[in-house]
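Data first, discussion second: the structure below is written as structure tokens.
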Amino acid sequence: MADLAAQGSAGKDGAAMCERCLAPLAPGEAFCPECGAPTGESLPAADSAVHNELAGANLLRLRGDLDGSEKALLGILRRFPNDPYAHEMLGDVCAARGETERAKEWYELALDLAPNSADIRRKLEHTDDKVEEQVTADTAETLGLPPSTPPAA
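Its first residue numbered 246, the sequence shown is counted upward by one per residue in the numbering used here.
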């Protein structure tokens, strides 16, 4: 039973299925052919590898190398497309660049993959607020209105 759980779920005919996308898995397959999720014995190694790469990408971001961080994160997503933390970190990179629309898209993807993550939800809500503020400012500028100041608290 433990082996079956490590490989994924079992379908009606007993064939292994990916736990993330429910695609059928061939025996001994290390990654799901549909979604790229690691399966079986590759799961701990894959988690460890992606964790180390995410840490490296985050270090690049913290050091201000946003291009290097983005490149590393996109490389991670090519191999692990369902990693919510890579999506979240790409949102962080875009937010650091002031690309709020792109950041919002990455956070939405991350939240789709990790719907219970309060941290990702908080970042998405903050980014939504920023996008709304920018739309309001752009509309006011288009209409020739003076910039508004927020009401005093």
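Yeah, the Cβ is synthetic: ideal placement off N, Cα and C, and Gly gets one too.
Whole-angstrom distance between residue j and residue i, CA atom to CA atom
i           : j           : result
residue 358 : residue 340 : 19 Å
residue 272 : residue 260 : 8 Å
residue 287 : residue 321 : The pLDDT assigned to residue 287 is 48, lower than 50, so where the model puts this residue is not dependable, and the model offers no usable value.
residue 311 : residue 338 : 6 Å
residue 391 : residue 385 : 7 Å
residue 378 : residue 303 : 28 Å
residue 295 : residue 335 : 14 Å
residue 370 : residue 329 : 17 Å
residue 301 : residue 325 : 16 Å
residue 265 : residue 315 : 25 Å
residue 346 : residue 380 : 11 Å
residue 307 : residue 262 : 38 Å
DSSP three-state assignment for residue i, whether helix, strand or coil
i           : result
residue 329 : helix
residue 361 : coil
residue 344 : coil
residue 301 : helix
residue 389 : coil
residue 310 : coil
Whole-angstrom C-beta distance between residue j and residue i, which should lie under 8 Å
i           : j           : result
residue 299 : residue 331 : 6 Å
residue 305 : residue 313 : 4 Å
residue 333 : residue 365 : 5 Å
residue 372 : residue 348 : 5 Å
Those residues which DSSP pairs with residue i across a bridge
i           : result
residue 272 : In the DSSP output, where bridge partners are listed per residue, residue 272 has none listed.
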